[in-house]
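Quick note on the numbering used here: the sequence shown kicks off at 4 and runs consecutively.
Beta carbons: idealized from backbone N, C-alpha and C, even for Gly.
These numbers come from a predicted model, not from an experiment.
Reviewing the structure listed below.
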Amino acid sequence: MMRQQSGSRPAFGRCFGSASLALLCLPAMAQAGAQEEGATFRFEPPDGTRYVVTSNTTQVLDFGQGRTTSTRSEFNVRYSFRKLPDGYSVTSRALGGVVEGPGAEGKQFMVEVLKGASLTYKIDDAGRLVGVSGIEEVGRRLRETLPPEALAAAGDAFSEESMIATARADWEGEVLNYKDRSSTPGSVWLATEHYLLPTSDMVEFHVALKVTGEQIVGGKECVRVEFKYASDPVELRGFLGTEHESLLSGKKSFRGGARMSGRGHRIVDPRTLLSYGQKIERVIETTIAVPSRGHMPVSIRQDETYWYSHQPAD
């Protein structure tokens with residue numbers, strides 16, 4: 004059985020979409036306390052920050068008429084931060100994980116292949132992701148160990164362009180969509196995010212965010228941010244409330260082959276943008292290639308929970 008996690012351990016952001024790339028997803032962090040009026044989210048993690056993120060994901064594919072498949076996974080990734088004169092260097096190292104469900108043997112093999120692999124992200128002084136190194140090593144490991152049919156099935160998910168695009172989408176969702184926004188309870192704003200689907204396609208969607216309260220976690224003064232996803236902005240009206248409906252003015256529904264909906268919350272330190280807990284529930288309506296049956300419509304439900312185990316700064 005998969006080991007169950009307990010306690011309050013932080014969580015950072017969304018992972019790379021496929022089970023293997025989830026090991027190398029970017030981090031998100033947190034702390035809490037009474038917020039001064041006019042306080043804003045800042046990306047200023049202390050030099051030497053280190054922690055391990057444990058993510059648990061349940062994914063259910065529903066093809067209709069009672070045809071479903073379900074997988075569960077747990078991954079552990081270590082992150083370390085170095086302050087540079089012009090920003091930060093953030094390194095993630097895959098520590099391993101467990102996959103259960105249909106096709107678990109092949110996915111577990113990929114987990115073992117990537118164990119110990121690392122990516123290093125270069126962040127500029129404005130908090131933007133400007134470079135990723137280590138992708139070449141990840142690609143080499145996969146090419147040398149995976150059978151040709153597995154690489155073909157993955158499409159361009161493991162290409163350098165796809166991995167960088169996914170890393171940038173994750174970073175924007177976890178850092179840039181918060182940075183310089185008001186962190187006082189009651190603050191509400193709208194943003195757009197991108198997510199790499201299990202089909203290797205990138206979907207764009209709206210996200211409404213709301214600071215709903217303050218919370219002390221691990222001695223850190225954090226805030227709780229609740230959010231809701233939707234491809235169609237009309238679906239966000241109830242979450243925003245009539246007093247914030249003007250945020251939807253001029254927003255249009257994202258068209259494409261996939262539709263996104265969902266919600267979740269994040270416990271985050273507004274002074275550093277480090278996370279101490281996060282939960283996401285999302286539903287994706289798309290099509291997926293099924294051997295000998297072509298492309299079939301499918302509803303993908305993903306439930307993700309993240310914990311952080313912080314270590315003393317080195």
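Are residue i and residue j closer than 8 Å when you measure CB to CB?
i    : j    : result
G90  : D50  : no
S264 : D65  : no
V206 : Y279 : no
E47  : R269 : no
R240 : E246 : no
V226 : V271 : yes
L122 : I138 : yes
I291 : T169 : no
Residues in the same chain with beta-carbon distance under 8 Å from residue i, minus the five sequence neighbours each way, listed in chain order, please.
i    : result
G134 : Y124 and K125
R144 : V116, L117 and A120
R53  : R81, Y82, S83, F84, H313, Q314, P315, A316 and D317
According to DSSP, which residues form a beta bridge with residue i?
i    : result
I219 : E224
T202 : DSSP, once it has assigned bridges, lists no residue as partnering T202.
T187 : In DSSP, T187 forms no bridge with anything.
N79  : T57 and G99
M113 : Partner(s): none; M113 has no beta bridge.
Q281 : R269 and Y309
S298 : Looking at the sequence shown, residue 298 is not Ser but His. Paired residue(s): A292.
A211 : L193 and K231
Y321 : What the structure shows of the chain is the stretch from 4 to 317, and residue 321 is not part of that stretch, so it cannot be assessed.
Does residue i pass the burial test, meaning 16 or more other C-beta atoms within 10 Å, or should it be called exposed?
i    : result
Y62  : What sits at residue 62 in the sequence shown is Gln, not Tyr. Buried, since its Cβ has 16 or more Cβ neighbours within 10 Å.
H298 : exposed
K213 : buried
L276 : buried
Q218 : buried
K223 : buried
E164 : exposed
L132 : buried
L87  : exposed
E175 : buried
A35  : Here A35 scores only 37 on pLDDT, less than 50, and its place in the model should not be relied on; the value that follows carries that caveat. By the neighbour-count rule (16 or more Cβ atoms within 10 Å), A35 is buried.
P300 : exposed
G130 : buried
To which residues of the same chain is residue i closer than 6 Å at the C-beta, ignoring the five residues directly before and after it?
i    : result
L193 : A211 and L250
E307 : T60 and I283
H197 : A172, M205 and E207
D183 : T43
V191 : K213 and H247
P236 : H209, L251 and K254
M166 : I138
Could you pull out every residue in the same chain whose Cβ sits closer than 7 Å to the Cβ of residue i, ignoring the five residues on either side in sequence?
i    : result
G100 : L26, S76, E77, F78, N79 and V114
V102 : A22, T74, S76, K110, Q111 and V114
E238 : S264
Worksheet entry | Sufficient close CB pairs (3 or more, under 8 Å) joining the stretch 250 to 270 to the stretch 284 to 293 | yes
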